[in-house]
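Residue numbers (our numbering): 199 to 375.
In this text, a Cβ means the ideal position worked out from N, Cα and C, and glycines have one as well.
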């Protein structure tokens, strides 16, 4: 049996005969690397600035969807249904305060300050199941009582005040009660 001969490790590696120049510059002497770096920087800057550009068809004020996205909002917290319904009750000040805090937390948006002090009513919307109620604000200057049939507007983003919403509102008292 023949003994194995080991080759020294240095013999198996190929070392360059010419060592790199002492004044070698990656930026100057490697144009492919330089061009790749410039392209990567250009794309990164373009992608970073993309959300801040507006096209001609979107040159106006932001729409509701843009406002919700910008505020990281959740419209399900304040967006009720429009239509008509019957007033079946009212919230106490404590109940209204707790509900307001909960709604602002879940929607991640604040209520328009013009609606902070409004009375909150419980409304049974026409067509809903028996016993279901939704909260709608009574605008200042309008007086409603239990049993009144009213017209309703669902809550929506306030485009005039960033990251705020206008809550569900009673818009008018129906003449048919």
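DSSP beta-bridge partners of residue i
i, result
"residue 351", "367"
Cutoff 8 Å; reference residue i; Cβ partners in own chain excluding five residues on either side
i, result
"residue 254", "Confidence at residue 254 is low in this model, with a pLDDT of 44, below 50, so its placement is unreliable and the value that follows should be read with caution. No residues qualify anywhere along the chain."
"residue 331", "286, 287, 320, 321 and 322"
"residue 293", "318"
"residue 297", "289, 318 and 333"
Close beta carbons around residue i, own chain, < 7 Å, minus the five adjacent residues each side
i, result
"residue 359", "310"
"residue 316", "335, 336, 337 and 338"
"residue 256", "Because residue 256 sits at a pLDDT of 49, beneath the cut-off of 50, its placement in the model cannot be relied upon, and the following sentence gives the value as read from the coordinates. Hits under 7 Å: none found."
"residue 299", "none"
First and last residue of the uninterrupted alpha helix (DSSP H) at residue i
i, result
"residue 232", "229 to 247"
Sequence-distant residues of its chain with Cβ nearer than 6 Å to residue i (five each side left out)
i, result
"residue 232", "225"
Residue i: CB within 8 Å of a non-hydrogen atom of the ligand ADP
i, result
"residue 350", "Looking for the ligand ADP in the displayed structure turns up nothing, as the structure carries no ligands at all."
Let me know the beta strand (DSSP E) ranges lying completely inside the region 276 to 340, each 3 residues or longer, listed in chain order. Secondary structure in the region 276 to 340: the beta strand (DSSP E) runs of 3 residues or longer, each lying completely within the stretch, are 281 to 288, 317 to 323 and 332 to 336 in chain order.
Is it a yes or a no for the region 240 to 249 touching the region 338 to 354, going by three-plus beta-carbon pairs under 8 Å? With the cut-off at 8 Å, the region 240 to 249 and the region 338 to 354 do not touch.
Does the count of Cβ pairs from the region 283 to 302 and the region 342 to 357 closer than 8 Å reach three? Touching, yes, given that three or more Cβ pairs across the two stretches are closer than 8 Å.
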